[in-house]
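Engineer: Here you go, one structure.
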Amino acid sequence: MLDGPALWPAQAHLPSVIGRQIVIERGEGSYVYTSDGRRLFDGTAGLWHANIGHSHPELAQAAHEQMLRLETYHTFNRFANDKALALAERLAGIAPIERAKVILNSGGSDAIDVACKLARRHWHREGRPSKTVILSREFAYHGLHAYGTSIAGLDFNREGYGSDSLVPETARISLNDAEQVADTIMRIGPDRIAAMVTEPVQGTGGVNPPAPGYLQALQRLCRTHDILLIVDEVITGFGRTGTMFASERYGLEPDLVTFAKGVTSGYVPLGGVLIHPRIWEPFYVDSPATPVFRHGSTYAGHATAAAVALRNLDILERDQLLSRVTELEAILDRELPALRDRNPAVSEVRSAGLLGAVTVAGHLSAERIADSLIDMGFISRPLRGNSLQISPPFITTNDELVSFVRAIDDAVGNAH
Ligand code: PLP
1 MLDGPALWPA
11 QAHLPSVIGR
21 QIVIERGEGS
31 YVYTSDGRRL
41 FDGTAGLWHA
51 NIGHSHPELA
61 QAAHEQMLRL
71 ETYHTFNRFA
81 NDKALALAER
91 LAGIAPIERA
101 KVILNSGGSD
111 AIDVACKLAR
121 RHWHREGRPS
131 KTVILSREFA
141 YHGLHAYGTS
151 IAGLDFNREG
161 YGSDSLVPET
171 ARISLNDAEQ
181 VADTIMRIGP
191 DRIAAMVTEP
201 VQGTGGVNPP
211 APGYLQALQR
221 LCRTHDILLI
231 VDEVITGFGR
241 TGTMFASERY
251 GLEPDLVTFA
261 KGVTSGYVPL
271 GGVLIHPRIW
281 EPFYVDSPAT
291 PVFRHGSTYA
301 GHATAAAVAL
311 RNLDILERDQ
321 LLSRVTELEA
331 ILDRELPALR
341 DRNPAVSEVR
351 SAGLLGAVTV
361 AGHLSAERIA
371 DSLIDMGFIS
381 RPLRGNSLQI
391 SPPFITTNDE
401 LVSFVRAIDD
411 AVGNAH
């Protein structure tokens, strides 16, 4: 029997991690510091969250000021708080949806649960209660709450619960083949499908940018068959692909957008959903017969989280960090293909914005290479398909990004 610390690590095969944990005690900009005194370049921005870098004093200040004024007040029924209102206004102003309304909650998994519930609620209210199936893509990751677990395209996340899905009626669609998606829709029947969920660029599934035209084809299929399009921007939202939302980059007009991570750069837990008028308007009709969307939680619209998000958005704009992403994207566009061409143990590279992955040949282990990168002072992370994650903070310098890619090159070379 292992006797590790009381904290049960997330997603871990415990015998593989107990006694080997890397304890991060401090962060500064693009670097974190371990309890045994090492300084590591954070090449993944934690879990794709620390976009403005770690331990930014202005966000600490925003949280401090807000907590001294009011930690939070809930947003049930007639209550609201000024910071939640201000954040929702600000998000509606930058959303890839005209006249969006905003539901706030605690994170990405939470946002996915809300979006899927709201999609089903929408069709029920429309008098089409048979539209309950949620479609999602192969290799998709949408968090690990009940809906996220059930719609994951990563099958191992659904194993061991006694049925293939924790919620009724989900189905997988092809990663990049729109014709197969059309076939799947016809097989299930459009009258049974509530929504299709997609990451614009798949993250945990291996950093898979969409095939040219694929997302637009999904959008057309959704319109044709009365299927709501839920774009999961938990990773891509707030600049990771160089536009505020990746929906802009790929010309998408979603019905619902989920977001989290980058909205606060991960400084406090916060997520939410942006909602198209075609979904929210019926709930705003001035009539006793108007339906209710019965959803909420204690922390929905948390005032301190909202205050931190507002300051984070100020910093993104003031420091022009989206332009930095575009500059860093050009470096990945140059360095990653060069890495693939010179290193025979690299089988594939993929990227979009400041989001990249390097796939290593089958006889090597991305997990072991990530371990050796730690010894070299760089954090990467193994992703599906024997790949290594590249997603540093937006404040990374050009030289740091080049050094990180070259360190991956060396680590792969040494793994032979
Ligand atoms: N959706 C996507 C695309 C994600 O990458 C993640 C987390 O990585 C989630 C949802 C879940 O977010 P959270 O971990 O905040 O619950």
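With UniProt numbering applied, the sequence shown covers 1 to 416. Idealized CB from N, CA, C, for every residue including glycine. No experiment lies behind these values; they were computed from the predicted model shown.
CB of residue 260 to nearest heavy atom of ligand 1: below 7 Å?
Structural biologist: Residue 260 Cβ: within cutoff of ligand 1.
Engineer: Just to confirm the assignment, what range does the alpha helix (DSSP H) spanning residue 180 have?
Structural biologist: Taken as a continuous stretch (DSSP letters only), the alpha helix (DSSP H) holding residue 180 covers 178-188.
Engineer: Here's a check: name, in chain order, each residue in its chain whose Cβ is nearer than 7 Å to the Cβ of residue 23, leaving out the five neighbours to either side.
Structural biologist: Once the five neighbours on either side are set aside, the close Cβ partners of residue 23 are 34 and 35.
Engineer: Please indicate yes or no: does the CB of residue 199 lie closer than 7 Å to some heavy atom of ligand 3?
Structural biologist: Ligand 3 is not part of the structure shown, which contains ligand 1 as its ligands.
Engineer: Are the beta-carbon atoms of residue 412 and residue 369 separated by less than 8 Å?
Structural biologist: Yes, the pair counts as a contact, with Cβ atoms nearer than the cut-off.
Engineer: What is the rounded straight-line gap between the Cα of residue 218 and the Cα of residue 156?
Structural biologist: Distance between the alpha carbons of residue 218 and residue 156 is about 26 Å.
Engineer: So residue 321 packs on residue 52, CB below 8 Å; how close in whole Å?
Structural biologist: Sure, about 7 Å apart at Cβ, within 8 Å.
Engineer: With contact counted as at least three CB pairs below 8 Å, one residue from each stretch, are the region 129-143 and the region 192-201 in contact?
Structural biologist: Touching, yes, given that three or more Cβ pairs across the two stretches are closer than 8 Å.
Engineer: Under three-state DSSP, which class holds residue 336?
Structural biologist: In this structure, residue 336 counts as helix in the three-state DSSP scheme.
Engineer: Just to confirm, does residue 203 get its C-beta within under 7 Å of one of the non-hydrogen atoms of ligand 1?
Structural biologist: Checking the Cβ of residue 203 against ligand 1 gives yes.
Engineer: Where are the alpha helix (DSSP H) runs, 4 residues long or more, that stay fully inside the region 108-155, in chain order?
Structural biologist: Fully enclosed alpha helix (DSSP H) runs of 4 or longer: 108-125 and 146-151.
Engineer: Runs of 3 residues minimum, wholly inside the region 299-359: which ones carry the beta strand (DSSP E) assignment?
Structural biologist: For the region 299-359, whole beta strand (DSSP E) runs of length 3 or above, ordered along the chain, are 346-351.
Engineer: Taking 7 Å as the cut-off, is the beta-carbon of residue 109 closer than that to any non-hydrogen atom of ligand 1?
Structural biologist: Yes.
Engineer: From the DSSP output, read off the bridge partner residues of residue 387.
Structural biologist: 359 and 383.
Engineer: With H, G and I counted as helix, E and B as strand and the rest as coil, what does DSSP make of residue 76?
Structural biologist: In the structure shown, residue 76 sits in coil (DSSP, three-state: anything other than H, G, I, E or B).
Engineer: I'd like the list of long-range same chain contacts for residue 138, defined as Cβ closer than 7 Å, with 5 residues on each side in sequence excluded.
Structural biologist: Excluding residues within five positions, the ones whose Cβ falls inside 7 Å are 153, 172, 174 and 175.
Engineer: Taking 7 Å as the cut-off, is the beta-carbon of residue 148 closer than that to any non-hydrogen atom of ligand 1?
Structural biologist: For ligand 1, at least one heavy atom lies less than 7 Å from the Cβ of residue 148.
Engineer: Between 96, 46 and 123, which has its C-alpha nearest residue 282's C-alpha?
Structural biologist: The option with the nearest alpha carbon to residue 282 is 123.
Engineer: If you measure from the CB of residue 362, is any heavy atom of ligand 1 nearer than 7 Å?
Structural biologist: The answer is no for residue 362.
Engineer: So what does residue 171 bridge to, in DSSP terms?
Structural biologist: DSSP, once it has assigned bridges, lists 135 as partnering residue 171.
Engineer: For residue 266, which residues of its own chain have a beta-carbon under 7 Å away from its beta-carbon, when the five flanking residues on both sides are left out?
Structural biologist: The answer, listed in chain order, is 46, 49 and 50.
Engineer: Measuring straight from C-alpha to C-alpha, what distance separates residue 125 and residue 289?
Structural biologist: Whole-angstrom Cα-Cα distance: 12 Å.
Engineer: First and last residue of the beta strand (DSSP E) that includes residue 40?
Structural biologist: Element bounds for residue 40: 39-42.
Engineer: Can you find a heavy atom of ligand 1 that lies under 7 Å from the Cβ of residue 302?
Structural biologist: Because no heavy atom of ligand 1 lies under 7 Å away, the Cβ of residue 302 does not count as near it: no.
Engineer: Report, in whole angstroms, the separation of the C-beta atoms of residue 325 and residue 345, which I expect to be a contact under 8 Å.
Structural biologist: Actually they do not touch by this definition, with Cβ atoms about 29 Å apart.
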